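Under the UniProt record's numbering, the very last position in the sequence shown is 362; numbers go up by exactly one each time.
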Amino acid sequence: QSCANTPPRTPSSLLVSSPASERITGLRWSEEGGFRVMAGVFEAAHPPSREPGWGFHGKGGAGGGGAGALLSGVLATAPGYDRLAVAFGQCMLVYYSLSVLLHYILPAVPGGVTRIQVQPQPHAHTLRDARRAVLPIFIKSLTLYAGEWLYYHGYGRMDDRRLVDVARDPVSVMQVLCLIFLLDLFHDAWFYWTHRLLHTKWMMRNVHYMHHQSTNPSAFTGYSFHWIEACLVFSVAIAEVFIFPVPFAVQRIYELWMIAIHLGGHCGYEIAPHVPQIAHVVGLAVTSVLGVGKGGLSSVLNNVEHHDMHHKYPKYHLSLYFTHWDFMMGTIHPEYVAKNPHILGSAAKKGGTKGGGGEGDS
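Dropping the structure here:
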């Protein structure tokens, strides 16, 4: 059986249709037509699903056809560009609405935030970053579209469970939470090593320099980078399809939440736990039990200052969520350790002096 004839999966795991969900998402579910956007942009059939597997069907790819069969399958049965438009719209909505909230609205609230850097980002730089982010957002949308194609055509390990079914089963809830935590670890490792690659001499001069033009970042800086960097960083969304058996809806929500994490990391003031990942939630719970300054997961979690210092000292702080890669590889900045003495205790004081690849500290 060729890839072109492989029955796609049901999209029923995305959401359970209700008047409220229709208003929020624009998606309506019907047994005959699948999900349908009110404006008619997105329409999917309701075909039978299959059990998740490790990867491609049969030997050498789908039906034994190898890469050629896979390519012909893509050309013959790839989801319409309407689904790409949906992914792009989702990413644009999350990115720019949250950027406006973090950059303009919250700082305007009296006593709302305390900036890490005294002077806010110049308005011209904010507009530059906002414009530059459009292409990386589109590339991220392409990776989500690719993951959706893989999912509907039976590739990878994601499954068809609906969110409401997961919520009804405590075991499933715990499983999904554990998988999300593993996703955090996977994303953190992917980000650290692709980021370290971006700080090699050629990549820094020709690709990553664009992101580091913002020495005083704002939320709009989150995805303000070169298209090559976008391909490197966002391809993690395709890799995780073949590794983590999470519901498709969870993977999509997680990837959209990643946008919020990047924006929060560049906003210029401490915002966690307002924009946490699952590790922050667990870390805060541990800290509440052990007491402030006594360790727990809070001792290995990054904060906004951690990445803000990276824009000031590019050789340091290459990680995303956790500090362990920076400590192990010697890319933690001594100034950060001095300001945060609770971080890994005495172990922190012994690391962070070598620095990573890059072009210096300015």
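Note that CB positions come from ideal geometry on N, CA and C, so glycine has one too.
Keep in mind that this is a model prediction, so the values were computed, not measured.
Other residues of its chain near residue i: CB distance less than 8 Å, five sequence neighbours each side excluded
i: Met-309; result: Tyr-316, His-317, His-333, Glu-335, Tyr-336
i: Lys-339; result: Glu-305
i: residue 363; result: Here the chain comprises residues numbered 1 to 362, so residue 363 is not present and cannot be evaluated.
i: Tyr-145; result: Pro-79, Arg-83, Leu-84, Ala-87
i: Met-210; result: Arg-132, Ser-224, Phe-225, His-226, Glu-229
i: Ala-189; result: Trp-325
Closest residue to residue i among the options (Cα-Cα distance)
i: Asn-216; options: Gly-111, His-103, Gln-117, Asp-326; result: Gln-117
i: Val-113; options: Gly-264, Ala-338, Ala-260; result: Gly-264
i: Ile-139; options: Met-92, Gly-154, Met-210; result: Met-92
i: Ser-172; options: Pro-247, Trp-257, Lys-339, Gly-268; result: Pro-247
i: His-125; options: Met-158, Gly-222, Gly-147, Leu-198; result: Gly-222
i: Gln-119; options: Val-86, His-103, Ser-235; result: His-103
i: Ser-141; options: Gly-154, Cys-267, Tyr-269, Ile-253; result: Ile-253
Cut-off 7 Å between Cβ atoms - residues of its own chain near residue i, not counting five sequence neighbours on either side
i: Thr-194; result: Leu-232, Val-233
i: Gln-213; result: none
i: Val-166; result: Ser-172, Val-173, Val-176, Pro-247
i: Phe-220; result: Ser-99, His-103, Thr-126, Asp-129, Ala-130, Ala-133
i: Arg-115; result: Gly-268, Tyr-269
i: Met-203; result: Leu-197
i: Leu-106; result: Gly-112, Val-113
i: His-262; result: Gly-222, Tyr-223
Start and end residues, alpha helix (DSSP H) containing residue i
i: Pro-110; result: First-last for Pro-110: undefined, no H or E at that position.
i: Gln-175; result: 170-198
i: Thr-235; result: Before going on, a small fix: residue 235 reads as Ser here, not Thr. From DSSP, Ser-235 is part of no alpha helix (DSSP H); its letter is neither H nor E.
i: Tyr-96; result: 81-100
i: Met-204; result: Met-204 -> no alpha helix (DSSP H), and no H or E assigned at all.
i: Val-337; result: 334-339
i: His-212; result: 209-212
Per DSSP, cross-strand counterpart(s) of residue i
i: Arg-128; result: Answer is none; Arg-128 lacks a bridge partner.
i: Val-322; result: For the record, residue 322 in the displayed sequence is Phe; it is not Val. Partner(s): Leu-301.
i: residue 372; result: There is no way to answer for residue 372, as the model of the chain reaches only from 1 to 362.
i: Pro-247; result: Asp-159
Close beta carbons around residue i, own chain, < 6 Å, minus the five adjacent residues each side
i: Val-94; result: Leu-256, Ile-259
i: Tyr-192; result: Leu-318, Ser-319, Trp-325
i: residue 369; result: The structure shown does not extend to residue 369, since the chain is modelled only from 1 through 362, so no value can be given for it.
i: residue 365; result: Since the first and last residues shown for the chain are 1 and 362, residue 365 lies out of range.
i: Ala-163; result: The question names Ala, but residue 163 is Leu in the sequence shown. If we look at Leu-163 and ignore the five residues flanking it on each side, its Cβ neighbours are Ala-249.
Inset, instruction - May I have a chain-ordered list of the alpha helix (DSSP H) segments no shorter than 4 residues that lie completely inside the stretch 133-160? - result: 134-152
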